[in-house]
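Undergrad: In the numbering used here, the protein residues as written are 6 to 253. Virtual Cβ for every residue (Gly too), placed ideally from N, Cα, C.
As structure tokens, then:
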């Protein structure tokens, strides 16, 4: 095995860990920061699991770890999109975790991971058809729903918030689409493991989201941070700022 193909999951895992630590250190009260951090954690679990699966020459436990992270990515993305856009008045979006909880039960009871195979450049798990198709269709539904929510947020907002929403709108569905297409081409056409490219897509997605957060920096409502650039831009555009108590 050529260990150069393990560099993408290593870089992606390190970037995801750094991004998670950054979000924790902001001590933000924004509701979408927690699910954003959970996206990073879940994707990191997938990358670490795949990395260790290949470093241990296909040790089965790491296939379970990687798959567990993969199962929870779709509902967490939907959770993030719902809180970021403030689309739901109640926390009904938490119901999106039910399919993943059921699938994780199948995983732990041995009815998800079917085998571990070596595809030219590395090891990857293969799955039983029914749970795999369920997770794929659930992931597609949540990706489309999340994209729609983010598009609404992009259309409704102005200024830096609008530009930030645009970057996130591009990042999330693009990652899902490119991951699916690359898997179909690399695995089914070339019989080659997809994880190096998948990890690179994760790295690019995380970089794009963090760039949006830092470049078009919105107030994180932390005790020590006030972003006067928002005040300046909203003043230029003639927008009133109303706090949580309704004071202008």
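Quick one: what does DSSP say residue 61 is sitting in, helix, strand or coil?
TA: Looking at residue 61 - three-state DSSP - the assignment turns out to be coil, as it is neither helix nor strand.
Undergrad: If contacts are defined as beta-carbon pairs under 8 angstroms, then residue 25 and residue 46 qualify, I think. What distance do you get, rounded to the angstrom?
TA: About 6 angstroms separates the two Cβ atoms, so the contact holds.
Undergrad: Which runs of the beta strand (DSSP E) spanning at least 3 residues fall entirely within the segment 78-123, listed in chain order?
TA: DSSP runs (the beta strand (DSSP E)) wholly in the segment 78-123: 118-123.
Undergrad: For residue 184, which option in 117, 33, 141 and 150 has the closest C-alpha, if you only look at C-alpha atoms?
TA: Nearest option by C-alpha distance: 141.
Undergrad: Write down the C-beta distance between residue 28 and residue 42 rounded to the nearest angstrom, noting that I regard them as a contact closer than 8 angstroms.
TA: Yes, they are in contact, since the Cβ atoms of residue 28 and residue 42 sit about 4 angstroms apart, within 8 angstroms.
Undergrad: Pull up the CB-CB distance for residue 68 and residue 51, whole angstroms please, since I reckon it's below 8 angstroms.
TA: The pair is not a contact, with the Cβ atoms about 11 angstroms apart (cut-off 8 angstroms).
Undergrad: Is the Cβ-Cβ distance between residue 112 and residue 76 less than 8 angstroms?
TA: Going by C-beta atoms, residue 112 is nearer than 8 angstroms to residue 76.
Undergrad: With a threshold of 6 angstroms on Cβ separation, who are the neighbours of residue 176 within its own chain once the five nearest residues in sequence on each side are excluded?
TA: The residues are 210, 213 and 214.
Undergrad: From residue 14 to residue 188, what distance separates their C-alpha atoms?
TA: About 16 angstroms.
Undergrad: DSSP beta-bridge partners for residue 128?
TA: The partner list for residue 128 (beta bridge, DSSP) reads 123.
Undergrad: For the alpha helix (DSSP H) that contains residue 137, what are its first and last residues?
TA: From DSSP, the alpha helix (DSSP H) with residue 137 extends over 134-161.
Undergrad: Do three or more CB pairs link the segment 149-161 to the segment 78-95 at distances below 8 angstroms?
TA: With a cut-off of 8 angstroms, the segment 78-95 and the segment 149-161 count as touching, because enough Cβ pairs lie within range.
Undergrad: Excluding the 5 residues flanking residue 127 on each side, which residues of the same chain have their C-beta closer than 7 angstroms to its C-beta?
TA: These residues qualify, in order along the chain: 6, 10, 59, 198 and 200.
Undergrad: With burial defined as no fewer than 16 other Cβ atoms inside 10 Å of the residue's Cβ, what is the status of residue 180: buried or exposed?
TA: By the neighbour-count rule (16 or more Cβ atoms within 10 Å), residue 180 is buried.
Undergrad: Would residue 82 pass as a contact of residue 151 if the rule is Cβ separation under 8 angstroms?
TA: Against a cut-off of 8 angstroms, the Cβ pair of residue 151 and residue 82 comes out as a contact.
Undergrad: Just the C-alpha distance for residue 62 and residue 110, rounded to the nearest angstrom, thanks.
TA: Approximately 26 angstroms, taken between the alpha carbons.
Undergrad: How far does the alpha helix (DSSP H) with residue 169 in it extend, from its first residue to its last?
TA: Looking at the DSSP string, the run of the alpha helix (DSSP H) that includes residue 169 is 164-188.
Undergrad: With the cut-off set at 8 angstroms, would you say residue 84 and residue 130 are in Cβ contact?
TA: No, the Cβ-Cβ distance between residue 84 and residue 130 is not below 8 angstroms.
Undergrad: Can you tell me where the alpha helix (DSSP H) with residue 36 in it begins and where it stops?
TA: Element bounds for residue 36: n/a, residue is neither H nor E.
Undergrad: Give a yes or no on whether the C-beta atoms belonging to residue 137 and residue 79 are separated by under 8 angstroms.
TA: Their beta carbons are not under 8 angstroms apart, which means residue 137 does not touch residue 79 by this criterion.
Undergrad: Excluding sequence positions up to five away, which residues of its chain have a Cβ less than 6 angstroms from the Cβ of residue 105?
TA: Excluding positions up to five away in sequence, the list reads 76, 77 and 80.
Undergrad: Give me the Cα-Cα distance between residue 123 and residue 107, rounded to the nearest whole angstrom.
TA: Those two C-alpha atoms are separated by around 28 angstroms.
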